[in-house]
Amino acid sequence: MQNEEDEEAELEVLAEFSHPVPWQKIEAQGLDLDYALLFSKEEADALFKQLEEEVMYSTGEEAKVQVFGKLHNIPRRQATYGDAGLRYTYSGRTHLACTWTPTLEYIRDAVTNATGHTFNFVLINRYRDGEDHIGEHRDDEKELDPVCPIASVSLGAARDFVLRHRDARGKRGARRLEPVKLQLAHGSLLLMNPPTNTFWYHSLPVRKKVRLPRINLTFRRILLISRGEEPANVWSL
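The sequence shown: position 163 = 163 (full-length UniProt numbering), numbered continuously.
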C-alpha cells in the first residue's frame with residue numbers, strides 16, 4: 001500500500017511538468033547542446049530560496065582542490081547529493097553523495113520529465129558573485145555514464161558560459177574554431193549531450209560586474225567503477 005502511495009505521489013509531481021519545454025538546439029563540430037527555460041521566474045525564485053536553506057556545502061579540507069600536488073581554495077562553494085552510496089572523485093578528492101533534499105528531488109524530477117533521462121547524482125556549485133568562477137575543464141570522469149547527457153540547471157544571477165574546442169585552446173591551438181558563448185538565465189536548463197564533453201572544454205569566467213549569487217546544479221548519471229580504476233582528474237580552478 002505504501003509503495004502505491006509513493007508511486008502516486010511521484011506521478012503527481014511529474015504531472016506538474018507535463019507541458020512541453022521549448023528547446024533551442026545549439027550545434028557545432030562535436031558539440032550538441034539543448035537549452036530551455038525550465039522554470040518560471042516565480043518558481044525559480046522559490047527554488048533558489050529553498051536551496052539556500054537546504055544545501056550543506058563542503059567546508060575545510062573538502063572545500064579545496066589539489067593542483068600539481070598542492071591544495072588550493074575553490075573559488076566557489078560545492079556540494080554533492082545523490083543516491084545512497086554514490087561517490088564522485090575529482091581533483092584528488094572523493095566525495096560521498098549526501099541524501100537528496102526535497103527541493104533537489106523536485107528539480108531532478110522536473111529535469112527527468114523534460115529530458116527523458118534519469119539522474120542519480122548532482123554536483124552543486126554556488127557562486128557568491130562574479131568573482132567566483134570555474135576554469136576550463138571537461139566532465140569526462142570514468143564514473144559518468146558516457147551515453148547520458150549532463151543536465152545543468154541555473155538559478156540566480158545570469159552568467160556567461162563559454163565552450164572551447166580542445167584543438168582550439170591557447171594561442172597555438174591546432175585549429176581555428178570559434179568558442180561558443182551562452183548566457184545561462186535564471187531558471188534555465190542546459191543539456192550537454194554526447195559527444196560534447198569529449199571535444200569541448202567549458203568554463204564560467206570571472207564577471208566582475210555581477211554582484212548577485214548563482215546556484216548551478218549539474219545532474220549526472222554515475223556508474224560503479226571497478227576496483228583499481230582511477231577516475232580522470234579534469235577539474236581546474
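Each residue gets a CB set at the ideal place from its N, CA and C atoms; glycine is no exception.
Cβ neighbours of residue i in the same chain (closer than 7 Å, five flanking residues each side left out)
i, result
"L184", "S154, A158, R159, F161 and L190"
"F48", "L155, G156 and I215"
"L96", "R87"
"S236", "Reliability of the predicted coordinates at S236 is poor, the pLDDT of 36 falling under 50, and no value is obtained from them."
"R126", "Y57, R76, R77, P213 and I215"
"T103", "L47, Q50, L51 and E54"
Local conformation of residue i per DSSP, three classes
i, result
"A36", "strand"
"T198", "helix"
"Q50", "helix"
"K208", "coil"
"A44", "helix"
"R77", "strand"
"R166", "helix"
"A28", "strand"
"K181", "strand"
"R87", "strand"
"L71", "strand"
Alpha-carbon to alpha-carbon, residue j and residue i
i, j, result
"D167", "E136", "13 Å"
"R77", "R128", "8 Å"
"H186", "F119", "21 Å"
"K70", "M56", "25 Å"
"R93", "K41", "36 Å"
"R211", "H133", "13 Å"
"K142", "T59", "25 Å"
"I124", "E52", "12 Å"
"L177", "S203", "16 Å"
"G170", "P22", "35 Å"
"S188", "D45", "12 Å"
Other residues of its chain near residue i: CB distance less than 8 Å, five sequence neighbours each side excluded
i, result
"V147", "P194"
"G30", "H165, P195, T196, T198, F199 and W200"
"Q24", "D34, Y35 and A36"
"I150", "D139, L144, L191, M192, N197, T218, F219 and R220"
"R108", "W100, F119, V122 and F219"
"A114", "F17, V21, A36, L38 and L189"
Same chain only: Cβ atoms within 6 Å of residue i, ignoring 5 sequence neighbours per side
i, result
"K208", "G130"
"N197", "R138, D139 and D140"
"L182", "F161"
"C98", "Y81"
Residue i - partner residues in DSSP beta bridges
i, result
"N216", "N125 and S154"
"M192", "L33 and I150"
"S203", "V162"
"G82", "T99 and F121"
"L144", "I222"
"H137", "H202"
**Message:** At 4 residues or longer, what runs of the alpha helix (DSSP H) sit wholly inside the segment 94-133?
**Reply:** 102-115
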